[in-house]
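Trainee: Under my numbering, the first residue of the sequence shown carries the number 204, and numbering increases by one thereafter. Glycine residues also receive a C-beta, built at the ideal position from the N, C-alpha and C atoms. My questions all concern the structure below.
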Amino acid sequence: MDLTRTLIIGNSGSGKSWLAQRLAEQLSVPWTDLDRIHWLSDEHSIPRPRNEALGMARIAADEERWVIEGGYGWIVSEILPRATALIWLSVGDEECVANIRQREGGRDEQDLLLIALLEWAGSYRQRLGSSGFAAHQQLFEGFCGAKIRLEDREEITALARHS
């Protein structure tokens, strides 16, 4: 699989950032998290204007080599033609919620942003719009380059070890 320009998609809590960081380190390429492009703040409460976010994503994708990860199908669809590989982390919603709880362990359970994130991750397979399961499946099926769908943590870890 040609990982020169690798795009990783999936639900919140699926392991996109974890895998992207490891692949980028192994390949000595830059890693872009689409959360940093989509959101103006680290709290993920203020979205960046759409055209500005798309422009930033295109700049990242214009590089010769990269790993880009995120769940925003409306951004992914714009940069997908530049990708040489597509990895879809199709982890179960319950596992994604558990991963977020583990990752965010120090946050207050009453934190409204955490509650919203957990609800978001738990609704991946029912969610409409470009960030849901059906939209990611459509992106995956329409991609003509090298692609792989990983459905659990063991498969994701194995790919990280063998890349």
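If I'm right that G276 touches S333 with Cβ under 8 Å, what's the distance once you round it to whole angstroms?
Mentor: 3 Å
Trainee: Taking three-plus beta-carbon pairs below 8 Å as touching, is the region 314-323 in contact with the region 251-261?
Mentor: no
Trainee: Is the region 302-313 in contact with the region 248-258, if contact means three or more CB pairs nearer than 8 Å?
Mentor: no
Trainee: Out of A361, A288, D314, H365, which one is the CA nearest neighbour of I351?
Mentor: A288
Trainee: Using alpha carbons as the reference points, say which of S217, A286, A337 lies closest to E297.
Mentor: S217
Trainee: What residue ranges within the region 254-330 form continuous beta strand (DSSP E) runs of no fewer than 3 residues, ordered along the chain?
Mentor: 269-272, 288-292
Trainee: Following the continuous alpha helix (DSSP H) through T360, name the residue where it begins and the one where it ends.
Mentor: Unbroken alpha helix (DSSP H) run through T360: 356-364.
Trainee: Return helix, strand or coil for G218, following the three-state DSSP convention.
Mentor: Correct three-state label for G218: coil.
Trainee: What is the rounded straight-line gap between the Cα of M204 and the Cα of R239?
Mentor: 27 Å
Trainee: Look at the Cβ atom of I290, then the Cβ atom of L342, and state whether they are nearer than 9 Å.
Mentor: no
Trainee: How many angstroms separate the CA atom of L226 from the CA atom of Q313?
Mentor: 34 Å
Trainee: With DSSP collapsed to three states, give me the class of I240.
Mentor: helix
Trainee: Report yes if the CB atom of I212 is closer than 9 Å to the CB atom of V279, and no otherwise.
Mentor: yes
Trainee: Which residues bound the beta strand (DSSP E) around L206?
Mentor: Per DSSP, L206 belongs to no beta strand (DSSP E) and is neither H nor E.
Trainee: Thinking E272 and S220 are a contact (beta carbons under 8 Å), I'd like their distance in whole angstroms, please.
Mentor: 6 Å
Trainee: Just to confirm the assignment, what range does the beta strand (DSSP E) spanning R352 have?
Mentor: 349-353
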